[in-house]
Structure formats: structure tokens, C-alpha cells
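Visitor:
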Amino acid sequence: MPLADHLLAPRAVFLVPVALSALLACGGGPVSGAAGEAPLGGPAPVQSTTVQPTVPAQVAAGAVTVERLDDAAECDALVPDAVPEPVTARLSPPAGGTCVGGIADGTGAVALGFRDAAGSLSWQATTADGRAQATFAAEALVAAPDGWQGLAGGGDLVDHLAVAPDGRVRRASAVSPDPAERTGFRWRLAQDPSGGSVVLFRSVTVAGNHWNALDAYRFDASGAPRWPEAVAVSSDPDASEPWFMAAGVSTTGAALSLFQDSAFVRARWIEPSGAAREGTAEPEPSTGVVGEGLAHEVELAPLLDGSLAVRSDGAWRRRYPPLAERSEPLPAWLAERSTWSFRFTRGNSGYAALEPAGRASPDCAQRIELLAPSGRLCGRVTVREDGTGCTTGALDQGWDGTVVQQSAADACTFRWWPRLLAR
1 MPLADHLLAP RAVFLVPVAL SALLACGGGP VSGAAGEAPL GGPAPVQSTT VQPTVPAQVA
61 AGAVTVERLD DAAECDALVP DAVPEPVTAR LSPPAGGTCV GGIADGTGAV ALGFRDAAGS
121 LSWQATTADG RAQATFAAEA LVAAPDGWQG LAGGGDLVDH LAVAPDGRVR RASAVSPDPA
181 ERTGFRWRLA QDPSGGSVVL FRSVTVAGNH WNALDAYRFD ASGAPRWPEA VAVSSDPDAS
241 EPWFMAAGVS TTGAALSLFQ DSAFVRARWI EPSGAAREGT AEPEPSTGVV GEGLAHEVEL
301 APLLDGSLAV RSDGAWRRRY PPLAERSEPL PAWLAERSTW SFRFTRGNSG YAALEPAGRA
361 SPDCAQRIEL LAPSGRLCGR VTVREDGTGC TTGALDQGWD GTVVQQSAAD ACTFRWWPRL
421 LAR
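Position 17 of the sequence shown, counting from 1, maps to 17 under this note's numbering, and the rest follow consecutively.
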């Protein structure tokens, strides 16, 4: 797909820098679709979208509270001592559309996501201070040190994208095979903690007995292929499998593919060089790793010790140590926050555990807990909006430590605190 096919014409979006601002009333509900996640299945064809200017609601003073909760030395680097002024932006999606979360890259630029009435996902790029840039289409998106990486395309062609901080698509690399030979595309995209991403791609042969195949692709921080060609992960004669799959990259540099095989789950590792490690262990029953049944939304996320945590249907369940083919229990701190998301934070000094969207918040507050690698709770950042009886929106920390929050009062209003959790 040509680069231009992914880049939508720049549209107007009303973006207003406001000092510690918040909407007057809460009560808005969450929106569907988590930033940075690829659906298990092909995207709808990319369509043109429109972002119309709109006058924002009246704002009132909001509050961010930072607390240090433990004096231990391992907490010294984790708790910020200052809070930057926030930037507030309101995005107006096309008729019948909805807004999703925001993702900050390593330069401080923020991509704000919205779906059109057909469900296709696009992003409005903005500068760190809230000036609108280009709009681009991507059905999956992760932050990178200098922009974002994502997946986009229609049923017959899926491309990996490298997107600049201003929303321009710098590079597109096909990850889908020849549609005359293979069909039934499904995929997963995951962030590489060193910069870049990994893609796990499923297809089914058109001819013969319709075998399914899983192939992995790796991209560096610039979006260039890290491996010279796709790495074969698995092949199986069942055209319907795998029902679930996930990919992730360890802090060691090795990539893990996790996928369903009958009533089991298999784990296959690929070295940073692209050399696939041969599986030697017996597969685990899938119920112990992802839960009962075959259909699951599964993700892998790196931990600082090199292991990868497994999230199934919104809850963290198990972890895979580096190069392990069988899972182990989660660390206690993550098991206690099984429905929260997390990011490496403060220069990889620990974790930022982020309270999930869709949670009732009587005081209209949303919390980020700062944890040392050991799991010690070191501090807490509390972000408040005026009002009572809210339902939380999406909350995320970007590559550069910028915290982006979707308003509980209006799903298309966003606030971000530039480099709040940077170091």
C-alpha cells in the first residue's frame, strides 16, 4: 500500500493549552478500544475521516497530587518532585464515531485516537503543546522513541507503519503474504521496550489442505525491518487455529510468540538475531494460562527482569521467564493489580501501574501507583476532575513519561502532563 494511502489530509481539531484544567462535570462512560492494541482479525478498509473544530466546554481548576509513600532508597528515583502544567485538547470525531485513548511518543508528541461509524481507527497527531498535525489511519499503534509504529490496511494487504511525530508516515512495510496464496489474516502488534515493535501474523493457505501459518516480523526504532525476512513460528493443518495468539519482546531482546494449539498453549522464542529457538517442552493446558475456552484477547508485556506477563481478557494471569516455554505465577504486585495496565517508568527505575478505564470513581479521581522493581509501593499520582460519580476513561504513560488521560466527563476531551514521569 502506498504511503499516501495511510496518511489522511490534516483536519482541524480544537486544542487548547489550559493550566491544571478539568471539565465541570463527570459521569461520562468509557469508550471501546484500547490504544496500542491490535484486534485479532483484519481491519476494516481504511476510510477517510473528518475531525471538525469545536468550542470546548467551560473548564475549572483540576488537581494532580503526587505522594511519596515509602522512604526506602529504591524509591528515590521513582517519585517526581514537580507537576508540569497540563495541555487540554478536545477532539471531534466524524458523525457516529467515538474517541479512544491517547499515546505519547518519545518526543512528547501525542496521538489521539478516534473510530468512525464503521469502526475504523485513525489518529490525530499533536505537538507536545497541543498543536494539531497530520491525521493517519492505523488499526494498531504503539509508541516509539520518535513517533509511533502501527498496522494498517485492508483485507488483502496489511502494512507495518513507522509514523513521525507530526503524523507523516515515514515508512510502510508489507507484513501480509500474497493474497492469491494465503488468506484468513489475523495479527498482533507489540512494542519493543528498546524501541520498535514485533508483529505476529497468521494466514491460511488457499490451495491444498488449508494449513495455517504463523510468521513473526521485527522492526527497529526507525521502523526498518530488524530481520531480513519473516521468521516461521508455526504451521498446522487446522484452518481455524490458532484461536488466540500474542507477541511480545523481552528486555533481553528475545521475542516471544504465544498461541493456541488444540487445548494447549505453545510458547516459541526468537533470538534478537532472528534465529528461532526449537521448542522442547511439553505445551501447557491453555486453561491455566489464559482461562477456560478457546476465544481470548491475549497480550504480552515485558517486565524489568526479562520475563513477559500474560494478559487474557483484560486480566494479568501468568508470566514467562526469559526463554521459558512454560509459565510461572505473576509477581505479587501485578497479581494484586490484575486489571490495571503498567509501563516502565522514570528511566526504567520501576513501574507505573495505571488504574483502568471503565471503573466507578466516586471522587472523579484516577490513580497511578509507582512501584520499585521489587514491587514496593513507592508513590502515587492522583489525577482529579471536578464532580462526583465518574466512570474513568483511558489513562496511559507515553515513551517520554508524558501522562495522557481521557476525560470521564467527555470521552473526546484529553489532558496530558508533559514528561510528568520522565527522568
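By construction, the Cβ of each residue, glycine as well, lies at the ideal position given by its N, Cα and C atoms.
If distances are taken between C-alpha atoms only, which option among E282, F201, G387 and W269 comes closest to D410?
Guide: One-based indexing of the sequence shown puts residue 410 at position 410. That would be G387, whose Cα lies nearest to the Cα of D410.
Visitor: Under 8 Å by Cβ, that's how I've got D116 and P93 pegged, so tell me the actual separation to the nearest angstrom.
Guide: Translated into positions along the sequence shown, residue 116 becomes position 116. Translated into positions along the sequence shown, residue 93 becomes position 93. Indeed they touch by this definition, with Cβ atoms about 7 Å apart.
Visitor: Quick one: any contact between the stretch 68-87 and the stretch 358-377, if contact means 3 or more CB pairs under 8 Å?
Guide: At 8 Å Cβ cutoff, the stretches touch.
Visitor: Can we say the stretch 392-400 touches the stretch 308-319, given the rule of at least three CB pairs closer than 8 Å?
Guide: No: fewer than three Cβ pairs fall under 8 Å.
Visitor: Under three-state DSSP, which class holds A323?
Guide: In the sequence shown, counting from the first residue as 1, residue 323 sits at position 323. The question names Ala, but residue 323 in the sequence shown is Leu. Of the three classes helix, strand and coil, the one that applies to L323 here is coil, per DSSP.
Visitor: Keeping to the same chain, check which residues put their C-beta closer than 8 Å to that of V158; ignore five residues upstream and five downstream.
Guide: Start at 1 with the first residue of the sequence shown, and residue 158 comes out as number 158. Around V158: G42, P43, L151, A152, A174, V175, S176, F185, W187 and F201.
Visitor: Quick check on A134: does DSSP put it in helix, strand or coil?
Guide: Translated into the one-based positions of the sequence shown, residue 134 becomes position 134. Strand at A134.
Visitor: For V163, does the count of other Cβ atoms within 10 angstroms reach 16, so buried, or fall short, so exposed?
Guide: Here the question's residue 163 lines up with position 163 in the sequence shown. When all chains shown are included, V163 counts as buried.
Visitor: Should P362 be labelled buried (16 or more other beta-carbon atoms within 10 Å of its own) or exposed?
Guide: Translated into positions along the sequence shown, residue 362 becomes position 362. Flag for P362 reads exposed.
Visitor: A332 lies in the alpha helix (DSSP H); which residues open and close that run?
Guide: Counting from one through the sequence shown, the residue named residue 332 turns up at place 332. That run of the alpha helix (DSSP H) goes A332 to A335.
Visitor: Since G130 contacts V169 with CB under 8 Å, what's their CB separation in whole angstroms?
Guide: Position 130 of the sequence shown, counted from the start, is the residue given in the question as residue 130. Position 169 of the sequence shown, counted from the start, is the residue given in the question as residue 169. Not quite, the Cβ-Cβ distance comes to about 22 Å (not below 8 Å), so this is no contact.
Visitor: Among all the DSSP beta bridges, which residues are the ones paired with V83?
Guide: As a first step, residue 83 must be located in the sequence shown, where it is residue number 83. In DSSP, V83 forms no bridge with anything.
Visitor: For a test of the three-state rule: what should DSSP assign to C364, helix, strand or coil?
Guide: One-based indexing of the sequence shown puts residue 364 at position 364. If DSSP states are grouped into helix, strand and coil, C364 belongs with coil.
Visitor: Does the Cβ of S122 have 16 or more other Cβ atoms within 10 Å, making it buried, or fewer, making it exposed?
Guide: As a position in the sequence shown, residue 122 is number 122, starting the count at 1. So S122 ends up on the buried side.
Visitor: Taking only runs of the beta strand (DSSP E) that begin and end inside the stretch 104-132, which ones reach a length of at least 3 residues, in chain order?
Guide: Taking only runs of at least 3 residues, the beta strand (DSSP E) segments lying wholly in the stretch 104-132 are 110-115 and 121-126.
Visitor: Please list the terminal residues of the continuous beta strand (DSSP E) segment that includes D215.
Guide: Here the question's residue 215 lines up with position 215 in the sequence shown. Start and end: N212 to F219.
Visitor: If I measure Cβ to Cβ from C378 and keep anything under 8 Å in the same chain, skipping five residues before and after, which residues do I get?
Guide: Position 378 of the sequence shown holds residue 378. If we look at C378 and ignore the five residues flanking it on each side, its Cβ neighbours are R68, L69, D70, A72, E74, C75, L78, V79, G350, L370, L371 and A372.
Visitor: Report the option in D156, T252, A352 and G347 whose CA atom is closest to the CA atom of D305.
Guide: Position 305 of the sequence shown, counted from the first residue, corresponds to residue 305. Out of D156, T252, A352 and G347, T252 has the C-alpha closest to the C-alpha of D305.
Visitor: What does the Cβ neighbour count give for R11, buried or exposed, with the cut at 16 atoms within 10 Å?
Guide: Within the sequence shown, the letter at position 11 stands for residue 11. Confidence in R11 is poor, its pLDDT being 39 and thus under 50, which makes the residue's placement unreliable; the coordinate value appears in the next sentence. Buried is the call here.
Visitor: Is it true that the stretch 256-276 meets the stretch 339-347, where meeting means three or more beta-carbon pairs spaced less than 8 Å apart?
Guide: The stretch 256-276 is not in contact with the stretch 339-347.
Visitor: CA-CA distance, L161 and N209?
Guide: Indexing the sequence shown from 1 puts residue 161 at position 161. Indexing the sequence shown from 1 puts residue 209 at position 209. Going from the Cα of L161 to the Cα of N209 covers about 32 Å.
Visitor: Express the C-alpha separation of P331 and A34 in angstroms, rounding to a whole number.
Guide: Here residue 34 refers to the residue found at position 34 of the sequence shown. Here residue 331 refers to the residue found at position 331 of the sequence shown. Caution is warranted here: a pLDDT of 31 is assigned to A34, below 50, making its placement in the model unreliable, and no coordinate value can be reported.
Visitor: Name the DSSP beta bridge partners of V199, please?
Guide: As a working mapping, residue 199 is identified with position 199 in the sequence shown. Answer by DSSP bridge pairing, in chain order: L189 and Y217.
Visitor: Using a 10 Å radius around the Cβ and a threshold of 16 neighbouring Cβ atoms, would you call T287 buried or exposed?
Guide: As a first step, residue 287 is located in the sequence shown; it is residue number 287 there, counting from the start. Classification of T287: exposed, given that the 10 Å Cβ count is below 16.
Visitor: For E74, name the three-state secondary structure that DSSP assigns.
Guide: Within the sequence shown, residue 74 is the residue found at index 74, counting from 1. The answer is helix: DSSP assigns E74 an H, G or I state.
Visitor: Provide the residue span of the beta strand (DSSP E) that contains G288, from first to last.
Guide: The count along the sequence shown starts at 1 and reaches residue 288 at position 288. Looking at the DSSP string, G288 is not in any beta strand (DSSP E), and its letter there is neither H nor E.
Visitor: Could you spell out the range, first to last residue, of the beta strand (DSSP E) harbouring H160?
Guide: Position 160 of the sequence shown holds residue 160. Here the beta strand (DSSP E) through H160 covers V158 to V163.
Visitor: Give me the DSSP bridge partner(s) of P302.
Guide: Within the sequence shown, numbered from 1, the residue matching residue 302 stands at position 302. Bridge partners of P302: L308.
Visitor: Which two residues bound the contiguous beta strand (DSSP E) that contains C412?
Guide: Translated into positions along the sequence shown, residue 412 becomes position 412. Careful: C412 lies outside any beta strand (DSSP E) and carries neither H nor E.
Visitor: Where do the N-terminal and C-terminal ends of the beta strand (DSSP E) with V64 fall, by residue?
Guide: The residue given as residue 64 occupies position 64 in the sequence shown. Taken as a continuous stretch (DSSP letters only), the beta strand (DSSP E) holding V64 covers A63 to R68.
Visitor: Between the alpha carbons of W417 and Q406, how many angstroms are there, rounded?
Guide: Within the sequence shown, numbered from 1, the residue matching residue 417 stands at position 417. Within the sequence shown, numbered from 1, the residue matching residue 406 stands at position 406. Going from the Cα of W417 to the Cα of Q406 covers about 12 Å.
Visitor: Go to S235, then tell me how far its beta strand (DSSP E) extends in each direction, as first and last residue.
Guide: For this step, residue 235 is matched to residue 235 along the sequence shown. V231 to D236 is the span of the beta strand (DSSP E), which, as asked, contains S235.
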